[in-house]
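Protein chains: 2
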Amino acid sequence: MRADAQRNYDRLVEEAQQAFIVHGTSAALEDIARHAGVGIGTLYRHFPDRYSLLNAVFERELDDLVQRSVELLAAGTDPATAVIDWLRMVAVHSTSYRGLAAAIMEGDGYQRMQSCKSKLRSAGGTLLWRAQEAGAIRSDVQIGDLLKLTYALVLAAEKNPEEPGLFDRLMSLAVDGMRPRAAATAGVSAGRTAAD
Amino acid sequence: MRADAQRNYDRLVEEAQQAFIVHGTSAALEDIARHAGVGIGTLYRHFPDRYSLLNAVFERELDDLVQRSVELLAAGTDPATAVIDWLRMVAVHSTSYRGLAAAIMEGDGYQRMQSCKSKLRSAGGTLLWRAQEAGAIRSDVQIGDLLKLTYALVLAAEKNPEEPGLFDRLMSLAVDGMRPRAAATAGVSAGRTAAD
DNA sequence: AACTATACGGAGACACCCTCCGGATCTACA
DNA sequence: TGTAGATCCGGAGGGTGTCTCCGTATAGTT
Chain A
1 MRADAQRNYD RLVEEAQQAF IVHGTSAALE DIARHAGVGI GTLYRHFPDR YSLLNAVFER
61 ELDDLVQRSV ELLAAGTDPA TAVIDWLRMV AVHSTSYRGL AAAIMEGDGY QRMQSCKSKL
121 RSAGGTLLWR AQEAGAIRSD VQIGDLLKLT YALVLAAEKN PEEPGLFDRL MSLAVDGMRP
181 RAAATAGVSA GRTAAD
Chain B
1 MRADAQRNYD RLVEEAQQAF IVHGTSAALE DIARHAGVGI GTLYRHFPDR YSLLNAVFER
61 ELDDLVQRSV ELLAAGTDPA TAVIDWLRMV AVHSTSYRGL AAAIMEGDGY QRMQSCKSKL
121 RSAGGTLLWR AQEAGAIRSD VQIGDLLKLT YALVLAAEKN PEEPGLFDRL MSLAVDGMRP
181 RAAATAGVSA GRTAAD
């Protein structure tokens with residue numbers, strides 16, 4: 001890669017990060033290029049579409065979330081709580097970019113953002129595995145599902161800013177469902193089989 | 001309302017329904033107008049934005065979902081199962097329009113689609129109330145939250161078409177969390193308080 | 001210094017959104 | 001039935017944003 005190309009690449013990612021934070025992930029790409037002192041053509045050469053750029057920005061920040069998962073693994077925290085806390089951190093992070101949750105979920109971006117997704121999966125997967133080994137989380141729960149759930153709830157919360165506690169309320173529903181149920185207690189679990 | 005205006009209004013809704021089913025809720029409004037044999041200006045006069053049109057289309061189909069809730073209320077089904085089954089019906093319906101779930105969640109459309117939302121809330125609210133009276137669903141669960149959760153999960157499922165069972169898996173997590181937990185069983189609920 | 005692979009820039013085609021207003025069309029009333 | 005005028009129609013046009021293409025410029029090499 002030529003030196004000038006590398007320079008432009010870096011400036012674009014830098015500028016994109018700012019723009020995405022300020023204007024959300026739908027910030028105009030032409031503005032990003034202009035602020036980076038670069039032509040729109042250059043932007044598109046480095047990043048064929050919006051998702052590529054988003055992926056590059058996001059990837060720089062992922063190390064932090066991965067690091068958190070390692071810490072939670074090392075610390076003596078309750079395995080199930082560790083998983084849930086980590087998912088909350090993922091949620092908090094994605095909140096800093098309006099629209100990021102939507103972008104990650106977007107099918108179109110599936111290919112482009114895969115590198116980010118697999119990093120998240122491997123970090124979270126380890127935490128989940130430990131919790132499942134300890135019997136603290138249902139064994140049929142998958143890390144991919146948890147991440148998808150988390151981003152879906154972030155999105156719901158983002159679209160309902162007038163309800164501040166929404167994410168936590170929804171997450172708590174799902175969180176309770178993750179835990180293995182005690183052996184059926186008469187009455188309380190009536191009808192449960194029909195729902196499964 | 002003048003007769004020709006009414007005629008155009010109806011044709012637009014009709015045509016929009018088809019377009020939304022075929023091309024998703026982001027179908028080009030100009031195409032809808034053209035297919036309805038009407039100018040784009042006419043479309044915008046009747047429906048100031050995409051959400052108004054979506055609302056009109058959606059509203060025609062809501063009676064069915066409301067009807068279902070009445071049936072579930074009348075039938076002797078388990079109250080909690082009835083709520084969950086109804087939410088599934090809502091989910092199935094919204095699946096017929098790619099993007100509807102996103103549109104309903106969208107903040108911009110909040111005003112425009114309110115009439116649909118309140119119909120859903122009142123139908124679901126009655127079912128939920130009965131289940132909570134019967135002690136079959138946690139009393140702190142709100143119908144607004146359940147609908148938001150449902151649409152969030154529909155959206156997640158819609159964006160991951162390669163995983164057919166996703167919606168059901170995610171829903172089952174949340175569904176389990178809705179049920180009141182039996183009095184703490186030693187060991188299994190360790191760490192629960194931290195998550196609430 | 002000359003050469004070539006690589007990268008740049010931005011004009012322009014495209015798609016969609018939404019507005020505006022001159023002209024066409026209904027309807028009520030005589 | 002004829003007409004006045006309130007109502008409605010249509011689509012050109014301006015705006016925004018995406019993405020492509022290719023003539024020009026430049027870094028790196030010999």
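Sequence lines, in order, name chains A and B. Sequence positions in the first sequence follow full-length UniProt numbering and run 1 to 196. Sequence positions in the second sequence follow full-length UniProt numbering and run 1 to 196. For each residue, glycine too, the CB sits at the ideal point set by N, CA and C.
Taking Cβ-Cβ distances below 8 Å as the criterion, which residues of the region 51-73 of chain B are in contact with chain A? none
For A:Thr77, which residues of its own chain have a beta-carbon under 8 Å away from its beta-carbon, when the five flanking residues on both sides are left out? For the purposes of this step, residue 77 of chain A is taken as the residue at position 77 of the first sequence. Cβ neighbours of A:Thr77 beyond the five flanking positions: Asp85.
Could you pull the start and end residues of the alpha helix (DSSP H) that A:Asn8 belongs to? Numbered from its first residue, the first sequence carries residue 8 of chain A at position 8. Start and end: 3-23.
Determine the DSSP secondary structure at B:Ser96, reduced to helix, strand or coil. The residue labelled residue 96 of chain B in the question sits at position 96 within the second sequence. Looking at B:Ser96 - three-state DSSP - the assignment turns out to be coil, as it is neither helix nor strand.
Endpoints, alpha helix (DSSP H) assigned at B:Phe58: As a working note, residue 58 of chain B is residue 58 in the second sequence. Taken as a continuous stretch (DSSP letters only), the alpha helix (DSSP H) holding B:Phe58 covers 50-74.
Confirm, please, whether the CB-CB distance from B:Ala91 to A:Ala152 is below 9 Å. Translated into the one-based positions of the first sequence, residue 152 of chain A becomes position 152. Translated into the one-based positions of the second sequence, residue 91 of chain B becomes position 91. Result no, Cβ atoms of A:Ala152 and B:Ala91 do not sit closer than 9 Å.
Do you know offhand how far A:Asp176's Cα is from A:Asp140's? Here the question's residue 176 of chain A lines up with position 176 in the first sequence. Here the question's residue 140 of chain A lines up with position 140 in the first sequence. Computed Cα separation, rounded: 14 Å.
Suppose you measure from the CA of A:Gly24 to the CA of B:Glu106; what does that come to, to the nearest Å? As a working mapping, residue 24 of chain A is identified with position 24 in the first sequence. As a working mapping, residue 106 of chain B is identified with position 106 in the second sequence. Going by the C-alpha atoms only, they are around 15 Å apart.
According to the neighbour-count rule (16 or more other Cβ atoms, all chains shown, within 10 Å of its Cβ), is B:Gln111 buried or exposed? Mapped onto the second sequence, residue 111 of chain B falls at position 111. Counting Cβ neighbours within 10 Å, B:Gln111 comes out exposed, since fewer than 16 surround it.
So which residues on chain B does A:Ala152 lean against when the C-beta distance must stay under 7 Å? In the first sequence, the residue the question calls residue 152 of chain A occupies position 152. Within chain B, the residues near A:Ala152 are Ala152, Leu153, Leu155, Ala156.
Excluding five sequence neighbours on each side, which residues of the same chain lie with their C-beta closer than 6 Å to the C-beta of B:Arg11? Stepping through the second sequence from its first residue, residue 11 of chain B is reached at position 11. The answer, listed in chain order, is Ala36.
Collapsed DSSP secondary structure at B:Ser139 in the structure displayed: Locating residue 139 of chain B in the second sequence gives position 139, counting from the first residue. Residue state, collapsed to three classes: coil.
For B:Ala174, which residues of its own chain have a beta-carbon under 7 Å away from its beta-carbon, when the five flanking residues on both sides are left out? Here residue 174 of chain B is taken as the residue at index 174 of the second sequence, counted from 1. Once the five neighbours on either side are set aside, the close Cβ partners of B:Ala174 are Leu149.
Near A:Ile143, which residues of its chain fall below 8 Å by C-beta distance, leaving aside the five closest residues on each side in sequence? Start at 1 with the first residue of the first sequence, and residue 143 of chain A comes out as number 143. Excluding sequence neighbours, A:Ile143 sits near Arg121, Gly124, Gly125, Leu128.
Using the three-state DSSP reduction, which class does A:Met105 fall into: helix, strand or coil? Locating residue 105 of chain A in the first sequence gives position 105, counting from the first residue. Residue state, collapsed to three classes: helix.
Rounding to the nearest angstrom, what Cα-Cα distance links A:Val83 and A:Ile104 in this structure? Locating residue 83 of chain A in the first sequence gives position 83, where the first residue counts as 1. Locating residue 104 of chain A in the first sequence gives position 104, where the first residue counts as 1. Cα to Cα, the separation comes out at about 20 Å.
Cβ-Cβ separation, B:Ala16 to B:Ile32 (assumed contact under 8 Å), whole Å: Along the second sequence, read from residue 1 onward, the residue named residue 32 of chain B stands at position 32. Along the second sequence, read from residue 1 onward, the residue named residue 16 of chain B stands at position 16. 5 Å between Cβ atoms; contact.
Tell me which residue opens and which closes the alpha helix (DSSP H) that A:Gln111 is part of. Here the question's residue 111 of chain A lines up with position 111 in the first sequence. Element bounds for A:Gln111: n/a, residue is neither H nor E.
Measuring only the C-alpha atoms, how far is B:Asp63 from B:Gly39? Residue numbering aside, residue 63 of chain B sits at position 63 when the second sequence is read from its first letter. Residue numbering aside, residue 39 of chain B sits at position 39 when the second sequence is read from its first letter. Cα to Cα, B:Asp63 sits roughly 30 Å from B:Gly39.
Name the chain B residues that come within less than 8 Å of A:Glu106, Cβ to Cβ? For the purposes of this step, residue 106 of chain A is taken as the residue at position 106 of the first sequence. Result: Lys159.
For B:Leu65 and B:Ile21, the rounded distance between their alpha carbons: The sequence position of residue 21 of chain B within the second sequence is 21, counting from 1. The sequence position of residue 65 of chain B within the second sequence is 65, counting from 1. B:Ile21 and B:Leu65: Cα-Cα distance of roughly 18 Å.
Euclidean distance between Cα positions of B:Met113 and A:Glu59: Indexing the second sequence from 1 puts residue 113 of chain B at position 113. Indexing the first sequence from 1 puts residue 59 of chain A at position 59. Answer to the nearest angstrom: the Cα atoms are 36 Å apart.
For B:Ala131, I'd like the list of residues in its chain whose CB is within less than 8 Å of its CB, leaving aside the five on either flank, ordered along the chain. As a working mapping, residue 131 of chain B is identified with position 131 in the second sequence. If we look at B:Ala131 and ignore the five residues flanking it on each side, its Cβ neighbours are Pro79, Ala80, Ala82, Val83, Ile137.
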